[in-house]
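Participant: After the structure tokens below, expect a handful of questions from me.
Take a look at the structure:
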């Protein structure tokens with residue numbers, strides 16, 4: 001009798017009636033597992049249940065239930081949730097995964113997401129962001145065992161940092177935002193000289209204007225260190241070197 005009832009159930013039409021006394025025995029456990037969301041690229045997200053990852057697969061015919069499949073392609077476990085992503089049940093007779101869970105995956109995904117967010121919105125050095133977020137995350141031993149090195153993670157963050165960096169101009173006639181003219185909470189100057197800006201142009205000797213565009217950045221602290229130094233070192237591919 002029990003096996004016949006299981007066969008007669010239409011999984012695609014499963015709704016609140018599945019919680020009735022007649023169908024309650026279908027649940028593998030009276031305690032519903034906890035579902036955790038983690039976001040992926042392009043605004044998509046997946047669900048994590050007991051260390052197993054599930055990605056959205058489809059809706060039922062009435063568009064009242066979401067179906068989620070295990071991200072391991074060889075695993076046939078299907079998860080049913082409502083539109084609020086609350087657990088309803090596992091689908092069919094396959095409720096056990098054919099592989100081990102990976103609880104460290106959620107920790108690493110959350111860590112990388114926080115790093116990417118900071119890399120795309122802050123100007124702090126990438127290595128500094130990586131080290132700060134790694135200390136803040138308090139990862140478990142399982143996550144630390146598979147965590148890439150700080151230098152490897154920093155290399156992958158360069159793409160996200162590129163979103164913050166302006167594109168290379170096609171000509172020398174480009175606009176410089178105020179963000180790159182001042183620093184220290186916009187209180188101190190940073191851009192000292194710009195040929196295309198009369199307020200920043202320095203031409204005390206009335207020399208001929210050089211070709212192209214010359215930009216000079218330096219903070220007052222850097223200038224003080226420069227003028228107070230007894231010895232200067234220079235590096236670069238200079239066509240001519242200063243005396």
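Residue numbers (full-length UniProt numbering): 1 to 243.
Every residue, glycine too, gets a C-beta built ideally from N, C-alpha and C.
What's the gap between the Cα of residue 191 and the Cα of residue 71?
Facilitator: C-alpha separation (whole angstroms): 51 Å.
Participant: Give the single residue among 83, 85 and 97 whose Cα lies nearest to the Cα of residue 77.
Facilitator: Among 83, 85 and 97, the Cα nearest to that of residue 77 belongs to 97.
Participant: As an exercise, report each continuous alpha helix (DSSP H) stretch of at least 4 residues that is fully enclosed by the stretch 118-203, in chain order.
Facilitator: List check, alpha helix (DSSP H) in window: 126-137, 141-146, 150-156 and 158-162.
Participant: Any idea which residues DSSP pairs residue 66 with across the strands?
Facilitator: Paired residues: 59 and 81.
Participant: For residue 133, which residues from the same chain have a beta carbon less than 8 Å from its beta carbon, with the 5 sequence-adjacent residues on both sides left out?
Facilitator: Counting only Cβ-Cβ distances below 8 Å, and skipping sequence neighbours, we find 111, 114, 115 and 118.
Participant: Measure the CB-CB distance between residue 56 and residue 68 and report whether it falls below 7 Å.
Facilitator: In this structure, residue 68 lies closer than 7 Å to residue 56 by Cβ.
Participant: Roughly how many angstroms lie between the CA atoms of residue 156 and residue 31, to the nearest whole one?
Facilitator: Whole-angstrom Cα-Cα distance: 40 Å.
Participant: In three-state terms, what does DSSP make of residue 234?
Facilitator: Three-state DSSP puts residue 234 in coil, outside helix and strand.
Participant: Under DSSP, the alpha helix (DSSP H) around residue 221 begins and ends at which residues?
Facilitator: 220-228 is the span of the alpha helix (DSSP H), which, as asked, contains residue 221.
Participant: Can the beta-carbon of residue 249 be found less than 7 Å from the beta-carbon of residue 167?
Facilitator: Outside the displayed span of the chain (1 to 243) sits residue 249, for which this structure offers no information.
Participant: Looking only at its own chain, which residues have a Cβ that is under 7 Å from the Cβ of residue 94, when we skip the five neighbours before and after it?
Facilitator: Around residue 94: 76 and 77.
Participant: Report the partner residues of residue 37 according to the DSSP bridge assignment.
Facilitator: Answer is 47.
Participant: From which residue to which residue does the beta strand (DSSP E) around residue 215 run?
Facilitator: Element bounds for residue 215: 215-217.
Participant: Using a threshold of 7 Å, state whether the C-beta atoms of residue 80 and residue 73 are closer than that.
Facilitator: No. Outside cutoff.
Participant: For residue 181, which residues of its own chain have a beta-carbon under 8 Å away from its beta-carbon, when the five flanking residues on both sides are left out?
Facilitator: The answer, listed in chain order, is 189, 190 and 191.
Participant: For residue 150 and residue 127, which I take to be in contact (beta-carbon distance under 8 Å), what is that distance rounded to the nearest angstrom?
Facilitator: Contact flag correct, Cβ pair sits at about 6 Å.
Participant: What residues match up with residue 113 in a beta bridge as DSSP calls it?
Facilitator: For residue 113, which the question treats as bridged, DSSP gives no partner whatsoever.
Participant: If you draw a straight line from the alpha carbon of residue 24 to that of residue 92, how long is it in whole angstroms?
Facilitator: Note that residue 24 scores a pLDDT of 38, beneath 50, so its modelled location is shaky; the value from the coordinates is reported in the next line. Their backbone Cα atoms lie some 14 Å apart in a straight line.
Participant: Taking 6 Å as the limit between beta carbons, can you name the residues of its chain near residue 139, skipping five residues before and five after?
Facilitator: Within the same chain, residue 139 has close Cβ partners 107.
Participant: Tell me, please, which residues DSSP counts as bridged to residue 72.
Facilitator: Answer is none; residue 72 lacks a bridge partner.
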